[in-house]
Structure formats: structure tokens, C-alpha cells
Amino acid sequence: MLALVIAYMVIVSYQFNAGGMVLEVITGKKEKAALSIGDSLTRNQVHKGYFHYEPPKDWTGTTEIQFYVREKGTNKWTERQETYTVKVVRATEIISEKTRTSHLTNISVIKENTFTRIIIEGYDSGFGKQEEIYRLAAIPKEGEIYLHEPVLTAEKATIIAAVFIVAYTMLAGLLSLAFADIVTGIIITVTLLIAFPVLLIKAGGFSGMLTSFAAMGDRPDHMKLIGVFSAADYINFLLPVFLLVLGDANQYQRIFASKNAKGARTAVIVMIFLALLVEELIIAEAWFAGSMTPDPENGRYILIYAARHFMPLAMGIIFMITVVGIIISTADSFLLVPSTTFIKDIYLNYINPKSSEKRIVFMSRLMVLTFGIIAWLVSRVFSESTTVFEKALYAFTVYGSAITPCLVAALFWKRATKVGAISSILAGTVTTLLWEEIIKVHLPAEMAKLDAVLPAITLSVICLVIVSLCTTNRKQAAEG
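What follows is the structure in C-alpha cells.
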């Protein structure tokens, strides 16, 4: 049960983070706050990338930012000045210069006429997020340094998203979610179809994209369709998504809610083709928008950024509202499934079999709230991850390796047993949780390129098959 909860809560936590990210983008940023010698910066301001340096127009060269650091033990400022170096180069030199300095810390290499986030490393261990641990001792002679903070921080935005999603789920049921899926699905498909030519034209067509990517200097492979990723990359990126789709319990729940088998069959066929269409549109439009977005930070949420900056106002608003609706719908589904399972399989069977309808509704809402709080706590762990893409892949891996083999076996393999399913869930979950920090560091370099998904699903399936066969034989022997 615990492994199941972990798998579902990781998915919900990712949706909380995604909802918070959308709110953060929609609300925008505060006015730039210029910095001068003597100003102090908190761990959070530096760690989150709110501390910026912007060189003069068309200027190239090397400059430095010097600062004092607060000592953890004495809480005093060090007398020795530390240095952060910024190298501003031509676009044609950016890749070679980044390669040359890749082994160095506290240095940024950027193209001319751009800016960089000053993320200082090596001094913030043991400090709280809001503690002031850096004090500026000298500022660059060329360009300016400033703070550029969001109106809503990621933490606050995630809390708002989590509260809204949990409250909505407590008041809504499967039927309301089904209608929400229909509405958001139609709107997002139509919006993506309209946005395709809009973004392509705005990017200047494929020739304009080629020129833009070349001017950026650090994206030489963005106009290539093949030969960019290794075999390990394809496994790491595609397998988690495939496993999620194959074992999505919410998808089966909606299919089984059809009036008859014919309706379910038609729905699945339509879903497959529409899913392919929507996915291709998303990839293409992210590609188009990427050519108009030099700042890699905005690439974390490129379609949300494109909706705000590159789409017509009305279309952008509709697109962002629909994305929020999809996030809410997904999180609601993954909150409802474990809550409903707990009520039906545990509460009504072992705790209160004679519970009234009113009591069941109350307990269902209480479980949604409980699981929502657990998911929010998990989201706080994920909020420090590098990218949204990594959060999604990790969430999909936990779910796909733990749940998918059991669900598929329950539908298509009669010899699967309860003990085999439990061992499969535990193997998939534990392997995913331990892979990155404990297992991967002891592997050869080639094997270490793989993320947790392949070993996790392999061990999960092996445990399911072997344990099921062993327990089936024992049961047959006992009966014989």
C-alpha cells in the first residue's frame, strides 16, 4: 500500500509543481532592483537564480564580481574576498569557451547582448533559504548587476496550486473530471492547431529558425531531427512515458466508464490518433518557440512562455487556462484513485463495514486531503530539481515501474498472484528511489548513462513473474 501511495503521490506532486510553475510565469517578475557594494544576498536569491549580471551592448571581455561570505560557525563575514567570473564572448565562440571552462566553478560564459544568472556554489551549506550569506565587495566595471525576483516564488505558487487542486478534488467526482477532460481536450487541441502556423510564421519559418539557432551559438543541434540523442537517451526519455500511458489507471477508469464495449473501443482508437497529433503539435511548437527564446531558463516552460509572449493575447489566455485545467484534471485523478481504493478496500472491509453514505463521503474527502498534504510534502523535495522535465521523468518512472506491470498482468495474465504483484511494486519503487544516489555511482560509465527506468521495470517484471510462478505452484501443491 505504501509503495502504491508513493507512486501516486509522486505524480500528484509533479502536478503541484507544474501548477505552481504556470502561476509563477503568469504573474511575472518584479521590477529589477539594482545592487551596489555592501548589499547582502540571501541563499535563496542566489540559489534560485534571481541574481543577474547584464553586460553593456555589444561588449565582450571578462569581468568579476567579488563578495564576502558569512561563516557558519561564527556568523561573521569573512575578511577574504571571493570571486565570481563572467566571460562574455561572441556567439561563434560560446561552445568552445564553455568546453574549455567546464571544469571550473563560479564562472559563467555567456554570449554578448545577453545576461546570466549568478549562481554561486560552495558556500551555502548549512544555511537557511532566507539567511543573508553573501555581501558584495566589488561590482563589475562593465555592465550591471541586479535582483530580478518573481512576484510569486515557486514555493508560494506551488502552495496555491496545491490548495486549489485539493479543494477542487474534495468537491468534485469522476463525472465532473470526465466532463473537464472533454472540454480541456477539445480546447487544447484546437488551440494547438491554430498556434502551429502562428508560431512558425513568427519564428520566420524554418530559415528564420536556422538563423536564430545559429545566432545563439550554443544550440548547434536544434535543427537536426536525427543523430542528436544516444540510445541511452531514447530509453531514458521515452520508456517512462510509454509505461505511464500503458499503465495509467485513470485511463482505464475512464474507458470502463463507457456505456458499452463499442463506445470504449471507439474512444481508445480516437484517443490514440489524437494523442499522436497533440504530442507532435506540442513538440513542433516548442521547437518553434525555442528559436525565439535565447534564455535557457525560459525553456523550462517554453509553451507557457510562448503563450504569454508569442501568441495573440486571446489565444495565449485560453491556452494557459486550458493547461491549468489539464494539470488540475491529472492531479485530481491521481488523488481520487488512492483515496477511493483506501475507502473501498480498507475502510469498508476492515474498519467500518457498516458505514453510512454520509460517513463514506466524509472519509473520502478526508483521504483526499491527507494524500494532498503528502503530495505537497513530496513536491517540496522536487522543487529543488534542475528541470521540470527531470521531475516528470522521475514521476513517470516511479509510477510506470511500480504500477504498470501489475496492472497489465491483472488484465492479461491469469497466473499473476497477490504476492507477485506486491514484490513487483516494491522492486520497481525501491530501485527507482535508490538508483541515482546509491546504485548508479558504483556502476561503469556506460551503464551509469541509464536512468532508473530500465533497471526498475526489468526488476519489477522479473519479480512479478518469478514470485507469481513460485506462489502459484505452492498454492497448487497445497490444494493437491
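Residue numbers for the sequence shown, in the numbering used here: 1018 to 1497. No residue lacks a Cβ here, since even glycine has one placed at the ideal position from N, Cα and C.
A distance of 8 angstroms or more separates the beta carbons of T1347 and Q1062. Around the beta carbon of A1331, fewer than 16 other beta carbons lie within 10 angstroms, which makes this residue exposed.
Going by C-alpha positions, G1055 is about 14 angstroms away from P1157.
Secondary structure at Q1268: helix, using DSSP grouped into helix, strand and coil.
When C-alpha distances from K1047 are compared across K1074, E1166 and V1447, the shortest belongs to E1166.
Collapsing the DSSP output to three states places V1105 in a strand. By a beta-carbon distance limit of 8 angstroms, I1299 does not contact A1284. Their separation comes to about 21 angstroms.
Between E1161 and A1051, the CB-CB gap stays under 8 angstroms.
Looking at the DSSP output, E1071 shares a beta bridge with E1161. Cβ neighbours of R1432 within its own chain (closer than 8 angstroms, five residues either side excluded): S1485, L1486 and T1489. Per DSSP, the continuous beta strand (DSSP E) segment holding G1078 begins and ends at G1078 to V1086. Using a C-beta cut-off of 8 angstroms, the stretch 1452 to 1461 makes no contact with the stretch 1236 to 1252, since fewer than three inter-stretch Cβ pairs fall below that distance. For the set F1084, T1357, E1302 and N1315, the Cα lying nearest the Cα of Y1140 is the one of F1084. Under a 10 Å Cβ-count criterion, W1076 is classified as exposed, with fewer than 16 other Cβ atoms of the shown protein chains found around its own Cβ. As the crow flies, the alpha-carbon of S1441 is around 35 angstroms from that of A1171. Rounded to the nearest whole angstrom, the C-alpha separation of A1444 and V1183 is 30 angstroms. Proximity of the stretch 1333 to 1344 to the stretch 1368 to 1377 falls short of the contact definition, fewer than three beta-carbon pairs being nearer than 8 angstroms. Contact between the stretch 1210 to 1221 and the stretch 1352 to 1362 is not established, with fewer than three Cβ pairs separated by less than 8 angstroms. Here the stretch 1467 to 1476 lies against the stretch 1412 to 1422, with 3 or more beta-carbon pairs under 8 angstroms apart. Here K1093 carries a coil assignment [DSSP, helix/strand/coil]. The stretch 1373 to 1384 and the stretch 1286 to 1293 do not touch, with fewer than 3 CB-CB distances between them shorter than 8 angstroms.
Residue pairing by DSSP places V1126 opposite K1104 in a beta bridge.
Collapsing the DSSP output to three states places P1355 in a helix.
In the DSSP assignment, A1154 falls within the unbroken beta strand (DSSP E) covering E1149 to A1155.
By the neighbour-count criterion, in which a residue is buried when 16 or more other Cβ atoms sit within 10 angstroms of its Cβ, Y1322 is buried.
Note on geometry: alpha-carbon atoms of Y1318 and A1281 lie some 34 angstroms from one another.
Listed in chain order, the alpha helix (DSSP H) runs fully inside the stretch 1331 to 1403 are 1374 to 1399, counting runs of at least 4 residues.
In the three-state DSSP reduction, E1297 falls in the helix class (H, G or I). By the CB criterion at 8 angstroms, V1086 and Y1151 fall inside the cutoff. Pairing I1176 with H1064 gives a Cβ-Cβ distance that is not under 8 angstroms. Note that the C-beta distance between G1143 and E1314 is not below 8 angstroms. In this chain, L1410 is not harboured by any beta strand (DSSP E); it is covered by the alpha helix (DSSP H) spanning V1405 to A1419. In the DSSP annotation of this structure, the continuous segment of the beta strand (DSSP E) that includes T1059 starts and ends at S1057 to T1059. When beta bridges are read from the DSSP output, R1134 appears opposite H1069. DSSP, read as helix, strand or coil, puts P1257 in helix. DSSP, reduced to helix, strand and coil, places K1276 outside both helices and strands of the structure shown, so it counts as coil.
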